[in-house]
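Only one structure is covered here, and it is reproduced in the block below.
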Ligand SMILES: Nc1ncnc2c1ncn2[C@@H]1O[C@H](COP(=O)(O)OP(=O)(O)O)[C@@H](O)[C@H]1O
Ligand SMILES: [Mg+2]
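Protein chains in written order, with our numbering: chain A, 1 to 251; chain B, 1 to 506.
Okay, structure coming up:
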């Protein structure tokens with residue numbers, strides 16, 4: 001589904017290479033986890049895939065079901081089925097969460113030539129999915145992420161994902177800052193979406209999340225490259241021994 | 001009912017946004033109201049002199065006192081200078097190169113009822129979305145509750161073409177008619193109040209208006225009456241080189257209430273058109289008036305060609321104790337906007353509120369704000385101004401808060417936020433504050449921000465295109481003000497926000 005080859009990315013502002021040849025294949029129906037020390041380029045990878053400004057791709061390719069992601073506008077990538085749960089969700093004062101969701105859902109439907117969701121249908125679906133994430137009416141009414149706690153912001157990202165039903169979901173440290181209960185809600189939210197036509201790329205520091213969302217493949221990223229890949233055991237190894245051995249081995 | 005984002009009707013707000021987006025896409029950079037109606041017009045000769053003033057008065061069938069009033073204003077005006085203190089740049093206006101009276105020919109003999117009005121005129125208003133003939137059923141959004149009825153007066157170039165719901169209003173004792181009609185039918189009221197809030201001598205443009213105003217709306221709400229429906233006037237400038245000088249007079253007697261809406265459009269023209277209106281509101285004890293404007297005169301093109309020069313004097317006199325006025329304005333149109341709807345808080349415990357959204361894009365310039373003049377004890381005022389600048393536009397908030405010595409224990413709160421889109425535009429805040437007693441308090445907060453790239457990227461990563469994203473973020477920025485508008489106006493305003501920012505990104 002998602003194929004990344006030899007991806008090199010430079011920060012435009014600092015003229016600084018961040019990604020130095022990332023190779024990654026995520027097949028439909030699978031869950032991949034990426035772990036790695038702070039600053040290794042995990043968020044950069046997710047931003048570049050989502051189409052954020054400020055990065056220059058100097059080499060390599062990234063495709064989603066064969067379509068060239070890097071040639072698309074961010075909204076086209078979204079309509080093509082890519083979703084990024086932000087590490088730091090953005091606040092939009094004055095814009096109701098519900099309005100935001102509905103605008104997003106209908107924008108994507110429109111881009112795909114589908115009919116917009118009726119107000120009634122939309123409400124029904126939102127209430128259902130929000131309920132499962134313990135997001136109450138008040139949170140739906142409030143301005144997008146404004147005054148939300150860290151955990152609320154992360155649950156809100158998962159709600160957006162549940163509403164948009166993307167096929168390629170990237171979660172950037174969605175588990176950071178969550179308490180045990182919120183972690184379970186988020187994992188349940190992800191697990192509910194797992195199916196044969198959908199894939200996940202989960203960036204995390206913690207085994208805790210991977211206990212709930214069982215990954216098929218675990219990658220270790222360091223200094224802008226994927227230096228090691230393996231099965232779920234690799235995450236356990238990181239949990240026990242940290243990154244030092246793996247990094248030493250890779251060098 | 002102004003719940004825009006409430007839990008009760010989230011679907012409604014969402015519906016509005018969807019509508020906004022559709023409208024933006026449908027517009028594709030076009031000014032929505034930019035067509036012209038092909039109607040035969042009677043023009044008075046170009047230029048301004050006493051004869052023209054007499055002719056206007058004569059065409060309106062006015063009594064002698066009205067003509068004298070106009071002539072006094074005209075003579076005064078000749079000795080006045082156009083004000084130049086605003087942060088506005090525009091070439092010298094040639095006041096002799098304007099038509100001061102244009103009237104559809106079919107109106108030459110006044111129609112007795114709407115049935116006699118030129119169908120082309122009615123069609124024009126229908127195209128503007130203003131059905132004059134039928135009861136207006138608005139806000140037909142799912143779950144929006146009772147459909148609302150709005151009585152409409154429509155002013156086409158210089159002439160009022162018809163007022164709806166007259167009979168029903170009359171039953172309540174409400175007078176809502178063209179001001180030309182009020183001069184003839186209710187001279188005692190007009191004589192008593194005309195010029196009592198905005199004196200003839202007030203300022204260059206108000207004085208010009210006093211001399212040549214052709215029509216406008218008149219509203220009288222008798223003591224103790226809550227006006228049974230919203231009142232609305234739509235102004236349209238159609239003919240080329242015509243100035244439109246409308247005059248509105250609203251009188252709210254003791255304990256009465258009215259909500260009044262004003263909408264404005266004009267066709268696209270390469271030349272600038274002059275608009276100098278005066279609105280006077282008199283509010284007696286315990287009465288309340290809400291005045292909402294969506295001003296969407298043609299703003300000119302990207303290069304600054306054409307567009308309306310809009311010089312407006314609006315003032316409410318809270319004459320009575322505990323009287324209240326609320327101005328809400330959404331200013332998206334005009335090449336030049338010079339406008340400061342003001343509140344004279346004369347009565348003890350009176351209250352004035354001013355909520356404003358001013359959007360300037362491309363080469364537009366807006367210098368707008370309010371004056372809160374506290375004269376009575378325990379008076380309160382509140383100002384919320386949201387200025388949005390894009391393109392090469394300049395947007396100035398200019399506001400005066402004045403607490404007189406006798407206005408003890410009075411309060412003002414001012415919040416003034418500016419939002420910049422792109423690099424080429426400017427936002428300016430010019431607050432004047434005078435406090436001449438020790439017990440009153442004035443609070444002023446101002447912010448300037450840019451449309452944030454992170455916010456736009458966040459929206460786009462969820463599938464919205466750049467223009468939708470900007471419209472959404474900006475609508476969030478102005479939400480506090482939109483919420484003060486009646487529902488259907490809020491929708492129109494929201495759509496306008498998006499349309500007027502077309503092409504401001506990318
Ligand atoms: N906007 C930025 N300005 C400067 N440096 C940045 C910026 N964004 C990322 N970086 C740098 O890029 C590297 C990778 O960062 P990031 O992708 O956030 O890592 P991770 O998510 O793995 O912690 C770090 O060295 C970080 O300091
Ligand atoms: Mg990160």
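Beta carbons: idealized from backbone N, C-alpha and C, even for Gly. In this text, all values refer to a predicted model and were calculated from it rather than measured experimentally.
- Within 10 angstroms of the beta-carbon of residue 312 (chain B) lie 16 or more other beta-carbons, which makes it buried.
- Taking 7 Å as the upper bound on Cβ-Cβ separation, chain A lies near residues 453, 454, 455, 457, 458, 460, 461, 462 of the stretch 444–462 of chain B.
- The C-beta of residue 52 (chain A) comes closer than 9 Å to at least one C-beta of chain B.
- For chain A, none of the residues of the stretch 291–320 of chain B brings a beta carbon within less than 9 Å of one of its beta carbons.
- Summarising the contact set, residues whose Cβ lies nearer than 5 Å to any heavy atom of ligand 1 are, in chain order, A:18, A:38, A:39, A:40, A:41, A:42, A:43, A:44.
- In this structure, DSSP gives residue 463 (chain B) a state outside helix and strand, which the three-state scheme calls coil.
- With a threshold of 9 Å between beta carbons, residue 485 (chain B) makes no contact with chain A.
- Distance from the C-beta of residue 226 (chain A) to the nearest heavy atom of ligand 2 is not below 8 Å.
- The CB of residue 465 (chain B) comes closer than 8 Å to the CB of 73, 75, 107 in chain A, given here in chain order.
- Leaving aside the five residues that flank residue 373 (chain B) on each side, the residues in its chain whose CB is nearer than 6 Å to its CB run, in chain order, 344, 402.
- Cβ neighbours of residue 46 (chain B) within its own chain (closer than 6 Å, five residues either side excluded): 99.
- For residue 10 (chain A), the secondary structure class from DSSP, reduced to helix, strand or coil, is strand.
- Each residue's CA atom was taken as its position, placing residue 292 (chain B) and residue 447 (chain B) some 24 Å apart.
- For residue 173 (chain A), the distance from the CB to the nearest heavy atom of ligand 2 is below 8 Å.
- For residue 227 (chain A), no CB of chain B lies under 9 Å from its own CB, so it is not counted at the interface with that chain.
- For residue 17 (chain A), the enclosing beta strand (DSSP E) has its first and last residue at 16–26.
- For the stretch 145–167 of chain A, the set of residues with a beta-carbon nearer than 8 Å to any beta-carbon of chain B comprises 160, 164, in chain order.
- Counting only runs that start and end inside the stretch 312–382 of chain B, there is no alpha helix (DSSP H) element of at least 4 residues.
- When the Cα atoms are used, residue 125 (chain A) and residue 44 (chain A) turn out to be separated by approximately 32 Å.
- Proximity of the stretch 388–398 of chain B to the stretch 360–380 of chain B meets the contact definition, three or more beta-carbon pairs being nearer than 8 Å.
- For residue 351 (chain B), the shortest C-beta to heavy atom distance toward ligand 2 is 8 Å or greater.
- The beta-carbon distance between residue 337 (chain B) and residue 355 (chain B), rounded to whole angstroms, is 16 Å. This is too long to meet the 8 Å contact definition.
- Between the alpha carbons of residue 216 (chain A) and residue 33 (chain A) lies a distance of about 8 Å.
- By the criterion of at least three beta-carbon pairs nearer than 8 Å, the stretch 197–217 of chain A is in contact with the stretch 172–182 of chain A.
- Contact annotation for residue 492 (chain B) against chain A: no contact, minimum CB-CB distance about 17 Å [criterion: below 7 Å].
- In this structure, residue 375 (chain B) and residue 407 (chain B) form a Cβ contact; the two beta carbons are roughly 6 Å apart against a cut-off of 8 Å.
- Secondary structure at residue 150 (chain A): helix, using DSSP grouped into helix, strand and coil.
- DSSP places residue 93 (chain A) inside the beta strand (DSSP E), whose first and last residues are 92–96.
- Around the CB of residue 424 (chain B), fewer than 16 other CB atoms lie within 10 Å, so the residue is classed as exposed.
- Beyond the five residues adjoining it in sequence on each side, residue 98 (chain A) comes within less than 6 Å, by CB distance, of 140 in the same chain, given in chain order.
- Of the candidates B:395, B:52, B:263, B:395 places its Cα closest to the Cα of residue 421 (chain B).
- Between residue 468 (chain B) and chain A, the shortest Cβ-Cβ separation is below 9 Å.
- Per the coordinates, the alpha-carbon of residue 472 (chain B) lies some 32 Å from the alpha-carbon of residue 258 (chain B).
- Put simply, the stretch 54–61 of chain A touches the stretch 6–26 of chain A. At least three CB pairs are less than 8 Å apart.
- Using a Cβ-Cβ cut-off of 9 Å, residue 472 (chain B) counts as an interface residue toward chain A, since at least one Cβ of chain A sits closer than that to its own.
- Taking 9 Å as the Cβ-Cβ cut-off, the stretch 129–141 of chain A approaches chain B at 137, 138, 140, 141, given in chain order.
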